[in-house]
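J.: Residue numbers (this note's numbering), protein chains in the order written: chain A, 1 to 107; chain B, 108 to 872.
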Amino acid sequence: MLLSLNSFLILGAVLFSIGLFGALSKRNAVSVLMGIEIMLNAVNITLVAFGSSVVNPQFSGRLTGQIFAVFIITVAAAEAAVALAMIIAIYRQRSTVDVGDINMMKW
Amino acid sequence: MSGNVFIDNIWVIPALPLLAFILNIFVIRPLDVAIRDRSHGAGHAEHGHAEQHGQDNGHLADNTQHTVPDIDALVEESYVQGIDDIDGHIATPAALARSIRKAEHTSGGAAAVTLMRDAESHPHHAHGEPTIFARVNGYIGILAMLGAFAWSLGVLFAMLGNGALRNGTVVHLYDWVAVAGINYSVNFYVDALTAVMLVVVTTVSALVQIYSQEYIEHEEPAGYSRFFAWLSLFTISMLILVLSANFLMIYIGWELVGLCSFLLIGFLGKDAPKMQAGRPSPGAAAMKAFITTRVGDFGFLIGILILFTVTKTFEFTAIPRLLTGTDQALLTAAMILVFCGAVGKSAQFPLHVWLPDAMEGPTPVSALIHAATMVAAGVYLVARTFVLFHQFAGPQSLEVVAYVGGFTAIFAASIALVQTDIKRVLAYSTVSQLGYMFVGLGVADTIGPGTFHLMTHAFFKALLFLGSGAVLHALGGEQDMRKMGGLASRIPQVAIPFLLATFSISGFPFFAGFFSKDEIIAQTLQHGDYVLYAITLFTAFLTAFYMFRLWFLTFGGEGGRFGGWWGGQYRDTRTISQPGIRLWLPLAILAVPAVFAGFLGWNVVSGGGFNAFISAANVTPAGIVGAAFDNPFTSGATYVGIAAAFLGIGLAWAMYGARIIPANVLTRNPLGRGIYQVLWNKFYVDEVYLAFIRFGIMGLSRIAVGFDRLVIDGILNGVGNGVVAFGRGLRRSESGRMQNYGAAIFGGALVIAAAFFVVVYFNIK
Numbered sequence: 001m002l003l004s005l006n007s008f009l010i011l012g013a014v015l016f017s018i019g020l021f022g023a024l025s026k027r028n029a030v031s032v033l034m035g036i037e038i039m040l041n042a043v044n045i046t047l048v049a050f051g052s053s054v055v056n057p058q059f060s061g062r063l064t065g066q067i068f069a070v071f072i073i074t075v076a077a078a079e080a081a082v083a084l085a086m087i088i089a090i091y092r093q094r095s096t097v098d099v100g101d102i103n104m105m106k107w
Numbered sequence: 108m109s110g111n112v113f114i115d116n117i118w119v120i121p122a123l124p125l126l127a128f129i130l131n132i133f134v135i136r137p138l139d140v141a142i143r144d145r146s147h148g149a150g151h152a153e154h155g156h157a158e159q160h161g162q163d164n165g166h167l168a169d170n171t172q173h174t175v176p177d178i179d180a181l182v183e184e185s186y187v188q189g190i191d192d193i194d195g196h197i198a199t200p201a202a203l204a205r206s207i208r209k210a211e212h213t214s215g216g217a218a219a220v221t222l223m224r225d226a227e228s229h230p231h232h233a234h235g236e237p238t239i240f241a242r243v244n245g246y247i248g249i250l251a252m253l254g255a256f257a258w259s260l261g262v263l264f265a266m267l268g269n270g271a272l273r274n275g276t277v278v279h280l281y282d283w284v285a286v287a288g289i290n291y292s293v294n295f296y297v298d299a300l301t302a303v304m305l306v307v308v309t310t311v312s313a314l315v316q317i318y319s320q321e322y323i324e325h326e327e328p329a330g331y332s333r334f335f336a337w338l339s340l341f342t343i344s345m346l347i348l349v350l351s352a353n354f355l356m357i358y359i360g361w362e363l364v365g366l367c368s369f370l371l372i373g374f375l376g377k378d379a380p381k382m383q384a385g386r387p388s389p390g391a392a393a394m395k396a397f398i399t400t401r402v403g404d405f406g407f408l409i410g411i412l413i414l415f416t417v418t419k420t421f422e423f424t425a426i427p428r429l430l431t432g433t434d435q436a437l438l439t440a441a442m443i444l445v446f447c448g449a450v451g452k453s454a455q456f457p458l459h460v461w462l463p464d465a466m467e468g469p470t471p472v473s474a475l476i477h478a479a480t481m482v483a484a485g486v487y488l489v490a491r492t493f494v495l496f497h498q499f500a501g502p503q504s505l506e507v508v509a510y511v512g513g514f515t516a517i518f519a520a521s522i523a524l525v526q527t528d529i530k531r532v533l534a535y536s537t538v539s540q541l542g543y544m545f546v547g548l549g550v551a552d553t554i555g556p557g558t559f560h561l562m563t564h565a566f567f568k569a570l571l572f573l574g575s576g577a578v579l580h581a582l583g584g585e586q587d588m589r590k591m592g593g594l595a596s597r598i599p600q601v602a603i604p605f606l607l608a609t610f611s612i613s614g615f616p617f618f619a620g621f622f623s624k625d626e627i628i629a630q631t632l633q634h635g636d637y638v639l640y641a642i643t644l645f646t647a648f649l650t651a652f653y654m655f656r657l658w659f660l661t662f663g664g665e666g667g668r669f670g671g672w673w674g675g676q677y678r679d680t681r682t683i684s685q686p687g688i689r690l691w692l693p694l695a696i697l698a699v700p701a702v703f704a705g706f707l708g709w710n711v712v713s714g715g716g717f718n719a720f721i722s723a724a725n726v727t728p729a730g731i732v733g734a735a736f737d738n739p740f741t742s743g744a745t746y747v748g749i750a751a752a753f754l755g756i757g758l759a760w761a762m763y764g765a766r767i768i769p770a771n772v773l774t775r776n777p778l779g780r781g782i783y784q785v786l787w788n789k790f791y792v793d794e795v796y797l798a799f800i801r802f803g804i805m806g807l808s809r810i811a812v813g814f815d816r817l818v819i820d821g822i823l824n825g826v827g828n829g830v831v832a833f834g835r836g837l838r839r840s841e842s843g844r845m846q847n848y849g850a851a852i853f854g855g856a857l858v859i860a861a862a863f864f865v866v867v868y869f870n871i872k
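#1: Report the neighbours of Ser808 of chain B on chain A: residues whose CB is nearer than 8 angstroms to its CB, in chain order.
#2: Secondary structure at Glu467 of chain B, three-state DSSP: helix, strand or coil?
#3: Could you check which residue in A:Val48, A:Gln58, A:Thr74 and A:Arg92 has the C-alpha nearest to that of Ser4 of chain A?
#4: Quick check on Ser453 of chain B: does DSSP put it in helix, strand or coil?
#5: Leaving out the 5 sequence neighbours to the left and right, which residues in its chain are closer than 6 angstroms to Thr433 of chain B when beta-carbon positions are compared?
#6: Counting only runs of 4+ residues fully inside the region 563 to 647 of chain B, write out the alpha helix (DSSP H) ranges in chain order.
#7: Over what stretch of residues does the beta strand (DSSP E) that includes Phe295 of chain B continue unbroken?
#8: Evaluate Arg589 of chain B with the Cβ neighbour count: other Cβ atoms within 10 Å of its Cβ, from every protein chain shown; 16 or more gives buried, anything less gives exposed.
#9: Taking Cβ-Cβ distances shorter than 8 angstroms, what residues in chain A pair up with Ser388 of chain B?
#10: Hey, would you say Leu430 of chain B sits closer than 8 angstroms to Leu524 of chain B, going by beta carbons?
#11: Using DSSP bridges, identify the partner residues of Trp673 of chain B.
#12: Restricting to Cα atoms, I'd like to know which of B:Ser575, B:Gln630, B:Val489 and B:Ala449 is closest to Met466 of chain B.
#13: Buried or exposed, going by whether 16 or more other CB atoms sit within 10 Å of the CB of Leu607 of chain B?
#14: For Thr480 of chain B versus Ala565 of chain B, is the C-beta distance shorter than 8 angstroms?
#15: Any heavy atom of the ligand ZN closer than 7 angstroms to the beta-carbon of Ser473 of chain B?
#16: In chain order, which continuous runs of the alpha helix (DSSP H) of length 4 or greater are located wholly inside the region 48 to 95 of chain A?
#17: What does the alpha-carbon distance come out to for the pair Glu321 of chain B and Ala336 of chain B?
#18: Which partner residues does His279 of chain B have in the DSSP bridge list?
#19: Report yes if the CB atom of Ser613 of chain B is closer than 8 angstroms to the CB atom of Ala752 of chain B, and no otherwise.
#20: Of all the CB atoms in chain A, is at least one closer than 8 angstroms to the CB of Gly843 of chain B?
#21: Can a CB atom of chain B be found closer than 8 angstroms to the CB of Gly19 of chain A?
#22: By the 8 angstroms beta-carbon criterion, what residues does the region 828 to 859 of chain B contribute toward chain A?
#23: Could you tell me whether the Cβ atoms of Phe421 of chain B and Leu462 of chain B are closer together than 8 angstroms?
#24: Nearest chain B C-beta to Leu15 of chain A closer than 8 angstroms, yes or no?
#25: Hey, could you find the ends of the alpha helix (DSSP H) Leu62 of chain B is sitting in?
#26: Anything in chain B within Cβ reach of Ala65 of chain A, meaning under 8 angstroms, just list it in chain order.
#27: Using the Cα positions of Val278 of chain B and Phe493 of chain B, report the straight-line distance between them to the nearest angstrom.
#28: Tell me, please, whether the CB atom of Leu24 of chain A is closer than 8 angstroms to any CB atom in chain B?
#29: Interface residues of chain B around Val99 of chain A at Cβ under 8 angstroms?
#30: Determine the DSSP secondary structure at Ala770 of chain B, reduced to helix, strand or coil.
#31: To the nearest angstrom, report how far apart Ile767 of chain B and Glu665 of chain B are at their CA atoms.
#32: According to DSSP, is Ile859 of chain B helix, strand or coil?
#33: Candidates B:Ile810, B:Val792, B:Leu250 and B:Val830: which alpha carbon is nearest Leu130 of chain B's?
#34: For Ser344 of chain B, which residues does DSSP report across the bridge?
#35: Under the three-state reduction of DSSP, which class applies to Asp115 of chain B: helix, strand or coil?
#36: Any C-beta of chain B sitting closer than 8 angstroms to the C-beta of Asn41 of chain A?
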């Protein structure tokens with residue numbers, strides 16, 4: 001059976017929700033990072049799904065969504081590298097990666 | 108353009124004193140101050156030397172040096188207290204005693220009071236000499252004034268030669284603001300009235316500058332340059348006022364002379380001698396003058412703006428053309444408001460209170476500003492806008508002018524009867540004579556009589572004031588006539604011109620004041636205004652009486668020659684210093700117009716007379732406003748006026764010269780004493796104003812302050828406090844945990860998405 005666009009969109013939405021839940025509820029900073037990665041990939045799925053189902057002759061046809069996805073993967077890699085480095089730095093400083101203890105971002 | 112070189116370059120007249128002022132303030136006065144600082148610095152060095160000696164000699168000497176009070180600071184302090192105290196305006200003996208007692212209890216106040224009492228018992232002049240640069244400033248001021256005087260004479264003679272010039276020439280200088288069809292130009296207007304005023308102003312200014320050279324040298328050598336700067340500034344302002352061709356310029360000049368009056372009244376400032384009963388401090392007097400005239404200026408401004416709203420122009424020559432068909436009631440109101448300005452500036456009732464207090468300024472200032480020129484500006488204003496009063500506004504406007512003037516004339520003259528301060532008698536006399544001028548403008552259908560009296564009064568009153576200054580100078584600052592007497596034989600060079608001026612103001616036949624005053628009295632009769640006739644006639648009697656009372660108390664008295672007319676007993680012990688030539692020569696020069704200026708108004712001598720000359724200034728679209736001048740000796744009324752003057756002179760001689768009638772003849776019974784009390788206290792006008800200020804204005808201010816504190820501040824503080832409280836609450840939402848922030852971001856996005864969904868799904872538009 002042929003998968004419709006909606007199936008991909010639902011998959012993306014479910015994955016995004018799982019990632020969002022993980023990012024907001026986990027106390028371990030690495031888990032939060034993992035949640036964020038899941039959200040990014042959910043978006044990638046959505047973009048690729050849209051790209052393959054909606055043909056836009058004005059740009060590069062079905063490739064548009066894929067190009068975006070590649071960009072996001074690149075940015076996500078960089079982001080992960082930076083975020084992990086920050087987590088390591090915070091751990092060295094405070095001996096913890098519990099985001100509940102990291103509440104410096106206030107007035 | 109008139110083709111006459113003097114009139115086309117009329118700007119030279121104010122430019123000359125302006126040049127003197129600029130040179131004085133920006134070039135020479137800094138040098139003067141620099142020199143003085145150096146000599147002052149030398150004094151300091153000597154002081155330091157003495158201190159070293161003190162240290163050498165041990166602690167005792169050191170201590171005594173420290174206990175010497177800082178005199179300057181103490182005097183400054185007592186001066187500030189004097190100004191702070193509202194009672195300072197009316198220093199009644201009780202209020203004075205109260206403030207002295209209060210001062211004695213403050214730290215350092217006691218020393219100040221001692222100093223003050225010392226100053227009272229040993230009146231001293233500030234010592235020292237003006238520097239060379241200060242003297243240069245004085246000479247430059249005089250040269251500039253003489254130049255302006257010569258130029259003014261040129262204008263006057265041009266007009267005497269060519270009658271067409273008297274109708275007025277507009278000299279356009281430049282456009283100040285030209286935008287959207289409105290053109291504010293700096294224009295000068297030169298007609299017969301301007302020419303007369305120019306000559307009067309520059310003559311008196313030049314003579315006062317010469318006189319001030321000697322006077323200020325003794326009174327305030329340190330302020331020598333400053334004094335001449337202010338005198339020049341005043342003359343510039345007065346000339347701008349006189350020359351202006353539109354209401355805008357005249358208002359600028361009007362406010363500038365007010366400012367100069369303020370600066371010069373307060374000139375002696377903290378160096379003024381002692382607090383004294385009945386006399387305010389110069390600072391308080393200056394503020395009083397400035398604020399009181401401001402009350403009238405407010406009406407003046409509204410009047411100008413009404414005229415501007417109607418005609419869209421300020422030009423005197425254009426306004427009459429554009430006014431035809433305007434509501435007469437509105438114009439009447441506008442002209443009465445313009446007259447309010449004149450009431451303030453010319454010290455008419457009820458705004459007369461500042462002029463007597465303005466006598467705290469140096470006497471040359473009193474002569475120039477508060478007798479001859481600035482206070483006449485109100486009369487000049489009415490004369491300049493006479494066409495508007497006479498042709499366009501209702502008859503009520505000139506009636507207001509006449510009756511305010513008439514009431515002020517008799518009111519001020521009655522106060523002058525009992526005053527003992529020589530300058531104050533002259534001040535009330537000025538107020539009274541200005542009232543005469545307004546009567547003259549109000550009843551006659553021409554500006555002739557009013558401006559004629561303005562001119563003669565400027566000469567003889569300037570002479571009287573300068574003469575009183577010479578008396579003050581001779582007696583070391585004493586102003587109380589009870590401590591004078593018999594001065595005629597001691598300073599005859601002052602007494603002779605003074606006596607001539609006294610005859611002139613009293614309306615003695617063939618003196619200047621006789622002709623101008625007789626003209627005004629005759630006009631009231633000619634127009635059938637018997638109330639004003641009675642008032643002016645009786646005031647003439649009062650004037651003759653109080654002026655000769657002043658003469659006999661000051662210069663004559665018991666034991667004098669010719670039955671007390673000349674010399675006599677001197678009632679004080681102080682030595683009399685002789686005035687120098689620079690003091691008495693201006694008096695002698697002023698005596699010439701003070702005696703002979705009246706003949707200009709007498710047809711027998713001067714042909715067409717003053718009125719024909721100056722009436723040309725009243726040109727309307729319809730023609731010249733003017734009526735024939737009534738001449739003295741053509742009706743019996745003249746002899747009634749002469750009788751009134753003789754009666755006044757005779758009574759004064761009997762009471763104060765020969766002492767045939769005891770001076771206290773009227774004050775022996777309770778009624779007379781009561782009247783005397785009321786007059787002595789100037790009808791309690793100051794007290795009424797003080798009560799009004801204290802209970803009316805201060806009460807209103809208290810209510811306003813309360814409203815401000817409770818309601819306005821309440822609203823503002825409430826808004827502020829609300830914002831702060833809200834922020835404090837909002838601060839709690841900022842936990843610092845970024846997961847909370849993330850939840851908020853996504854929650855917000857969810858809300859927006861939900862709203863978007865609802866809008867799209869239910870197709871809400």
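We treat Cβ as the ideally placed atom computed from N, Cα and C, and that holds for glycine.
T.: So, to answer that:
#1: What Ser808 of chain B touches in chain A: nothing, since even the nearest Cβ is about 44 angstroms away.
#2: helix
#3: A:Val48
#4: coil
#5: Val417
#6: 599 to 613 and 619 to 633
#7: Ile289 to Val297
#8: exposed
#9: Residues of chain A passing the Cβ test: none, with the nearest at roughly 58 angstroms.
#10: no
#11: B:Arg668
#12: B:Ser575
#13: buried
#14: yes
#15: For the ligand ZN, the structure offers nothing, since it holds no ligand at all.
#16: 63 to 94
#17: 16 angstroms
#18: B:Asn294
#19: yes
#20: yes
#21: no
#22: Arg838, Glu841, Ser842, Gly843, Arg844, Met845, Gln846, Tyr848, Gly849, Ala850 and Phe853
#23: no
#24: no
#25: Examination of residue 62 of chain B is not possible in this model, given that chain B is present from 108 through 872 alone.
#26: Looking at the sequence provided, one finds Gly at residue 65 of chain A rather than Ala. Those within 8 angstroms of Gly65 of chain A in chain B number zero; the least Cβ separation is about 21 angstroms.
#27: 21 angstroms
#28: yes
#29: Arg844, Met845 and Gln846
#30: coil
#31: 10 angstroms
#32: helix
#33: B:Leu250
#34: Paired residues: none, contrary to the question.
#35: helix
#36: no
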